[in-house]
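Read through the structure below, which is laid out as structure tokens, and then see the notes.
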Amino acid sequence: MSLLSDLINLNLSGTTKKIIAEYIWIGGSGMDLRSKARTLDGVVSDPQKLPKWNYDGSSTGQAPGEDSEVILYPQAIFKDPFRRGNNILVMCDAYTPAGEPIPTNKRYNAAKIFSHPDVAAEVPWYGIEQEYTLLQKDLKWPIGWPVGGYPGPQGPYYCGAGADKAFGRDVVDSHYKACLYAGINISGINGEVMPGQWEFQVGPSVGISAGDELWVARYILERITEIAGVVVSFDPKPIAGDWNGAGAHTNYSTKSMRNDGGYEVIKKAIGNLQLRHKEHIAAYGEGNERRLTGRHETADIHTFSWGVANRGASVRVGRDTEKAGKGYFEDRRPASNMDPYVVTSMIAETTILWKP
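Numbering (UniProt numbering), first residue to last: 1 to 356.
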């Protein structure tokens, strides 16, 4: 008699050419990830050759009940680390039946910006540092924290090892390997300053692929925490008080910045970011004012600043970049719950297309 685990891990490749495609999309809150699966006749490697699909938008807060159909357009394909074999994860964006992007489809506008000839010529690279907090499912309190109480003060937990310092490493490592399997350009993980908080990095990724990869990495993390019986939180300040918040620092460079003389291009780009500080803050995540206080390695939300090796600045330039006279910079303002389509495309727009 087969056990449930045997059937979950059943290898279909020897009995059928059909595959399972898990279609993923972003729900009505802008942070909730939804998905459903369908059977395809065989292997597909080009998202443009995948069939469009639909879902009930009235159940996701994206359409009224009397006209509830929302259409999914496949945009990116990844290997499925859960079903494995030839099965795939498909990142989609959402449209009305008339072909108009729905309001929560932020990918559409981002793709327009990244396809602009001036932006495409600069080959924008992104590296996104996604912080998150693991919570006990029924208590919504960080894992490793005493029920109704607090652990010792911050200090030993950042990149720490040991049962009294690192909580949830099995989830983190499972996610790391699953992302590599999927084909996501995940570049590392580390324990963060607050206990129960972790970070993974995606990139360097070019243009729109940075958003696709980060959203699918988030989806995989949601699925793994589902299996583990814990909850992942992307709240930028999950615990009030003397505890670090959670961000999504976004590292960025263009071809001009990476070439000789790039440091001057970087400084000009930072100048543009300063002039549009309010617009960027408004687009950088909900609840960010609880995180950007000028404490806990953040800049004050109301004041733009930049500096070399300064983790208390809005934008940080690395010493290696300053020394080489070219490289990249880090926008430290985005919150952990930011939409990477919005943030990456807005940085490109402000630094390449926007004229003061």
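Even for Gly, the Cβ is constructed at its ideal location relative to N, Cα and C.
Buried versus exposed call for residue i [16 or more other C-beta atoms within 10 Å across all chains shown]
i, result
"Cys179", "buried"
"Ile208", "buried"
"Asp235", "buried"
"His280", "buried"
"Ser256", "buried"
"Asp173", "exposed"
"residue 361", "Here the chain covers residues 1 to 356 and nothing more, so residue 361 does not appear."
"Pro74", "buried"
"Val343", "buried"
"Leu89", "buried"
"Lys267", "exposed"
"residue 372", "Any answer about residue 372 is impossible in this case: the structure gives the chain only from 1 up to 356."
"Gly127", "buried"
"Ser59", "exposed"
"Leu72", "buried"
"Pro124", "buried"
"Arg311", "exposed"
"Glu66", "exposed"
"Val202", "buried"
"Ile301", "buried"
"Thr303", "exposed"
"Gly285", "buried"
"Thr293", "exposed"
"Ala269", "buried"
"Asn87", "buried"
"Ser314", "buried"
"Gly196", "buried"
"Val308", "exposed"
Straight-line gap, residue i to residue j (C-alpha atoms, nearest Å)
i, j, result
"Asn54", "Gly261", "49 Å"
"Thr104", "Gly28", "7 Å"
"Val44", "Ile77", "9 Å"
"Lys326", "Val317", "10 Å"
"Asp6", "Lys323", "56 Å"
"Ser35", "Ala217", "14 Å"
"Asn288", "Leu3", "46 Å"
"residue 357", "Asp164", "Absent from the model: residue 357. The displayed extent of the chain is 1 to 356, so no value can be given."
"Met1", "Ser253", "56 Å"
"Thr298", "Ile102", "34 Å"
"Gln130", "Asp32", "16 Å"
"Ala121", "Glu264", "18 Å"
"Pro47", "Ser233", "30 Å"
"Gly241", "Trp306", "25 Å"
"Arg319", "Asn190", "21 Å"
"Ala110", "Tyr95", "15 Å"
"Leu188", "His175", "Note that residue 188 is Gly in the sequence shown here, rather than Leu. Each residue's alpha carbon lies about 11 Å from the other."
"Ile26", "Glu100", "16 Å"
"Asp38", "Lys112", "A quick correction: the sequence has Arg, not Asp, at residue 38. Approximately 29 Å, taken between the alpha carbons."
"Ser345", "Ala166", "35 Å"
"Arg258", "Thr351", "14 Å"
Per DSSP, cross-strand counterpart(s) of residue i
i, result
"Glu92", "For clarity, residue 92 is Cys in the given sequence; the question names Glu instead. Pro74."
"Lys79", "Ile88"
"His249", "Glu129"
"Thr293", "Asp300"
"Gly307", "Arg316"
"Asn190", "Glu199"
"Leu33", "Ile26"
"Tyr55", "Val70"
"Val230", "Gln136"
"Glu264", "Per DSSP, none; premise fails for Glu264."
"Arg332", "According to DSSP, Arg332 bridges with nothing at all."
"Ala21", "Arg38 and Ile88"
"Pro236", "BP columns for Pro236 are empty, so no partner."
"Pro142", "Leu135"
Cβ neighbours of residue i in the same chain (closer than 6 Å, five flanking residues each side left out)
i, result
"Arg84", "none"
"Arg107", "Asp93 and Tyr341"
"Ala63", "Gly57 and Val70"
"Ile347", "Tyr252"
"Ala182", "Phe78, Lys79 and Pro81"
"Ser205", "Tyr126, Asn185 and Glu213"
"Gly168", "Leu134 and Ile143"
"Glu199", "Glu129, Glu131, Asn190 and Glu192"
"Ala161", "none"
Sequence-distant residues of the same chain with beta carbon closer than 7 Å to residue i, five excluded per side
i, result
"Val171", "Leu134, Ile224, Thr225, Ala228 and Val230"
"Lys237", "Gly245, Gly287, Arg290 and Arg291"
"Pro97", "Glu69 and Ile71"
"Leu12", "Gly85"
The ligand ATP heavy atom lying under 8 Å from the CB of residue i
i, result
"Phe82", "Ligands are entirely absent from the displayed structure, and the ligand ATP is therefore not among its contents."
Looking at C-beta atoms only, is the number of pairs between the region 331-347 and the region 246-253 that lie closer than 8 Å three or more? yes
Touch test, the region 11-21 against the region 29-43, Cβ-Cβ under 8 Å, three pairs minimum: yes
Is the region 138-154 touching the region 207-222 in the sense that three or more CB pairs, one from each, lie closer than 8 Å? no
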